[in-house]
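Numbering (the numbering used here), first residue to last: 526 to 590. Working notes, beginning with the structure itself.
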Amino acid sequence: MNTVSKVLFWILTIASGFVNPLISVGLVILYYLPGIIQDICKPCDEEPVSSQMNNYSDDVLEDMK
């Protein structure tokens with residue numbers, strides 16, 4: 526989001542808060558929800574480095590000789 530769209534979003538959110546606060550709360554939740562989901566799923570996406578194969582098996586080493 527660029528600066529102009531952020532300003533318009535927050536103006537709309539504050540203005541809708543005067544009409545119905547639930548609309549304002551819903552807009553704020555929708556605004557922050559993708560970032561929250563991304564932070565929650567970040568550990569799921571990362572593979573631990575230690576699980577990568579660092580050594581060859583004994584059979585492969587014997588075949589390479």
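C-beta: ideal position from N, C-alpha, C; glycine also.
Look at Tyr-556 here: in three-state DSSP terms it is helix.
Pairing Tyr-557 with Phe-534 gives a Cβ-Cβ distance that is not under 8 Å. Residue range 528-544 is occupied by the alpha helix (DSSP H) that includes Ser-541. Assignment of Ser-582 by DSSP, reduced to helix, strand and coil, places it in the coil class. Here the C-alpha atom of Thr-528 lies approximately 50 Å from the C-alpha atom of Asn-580.
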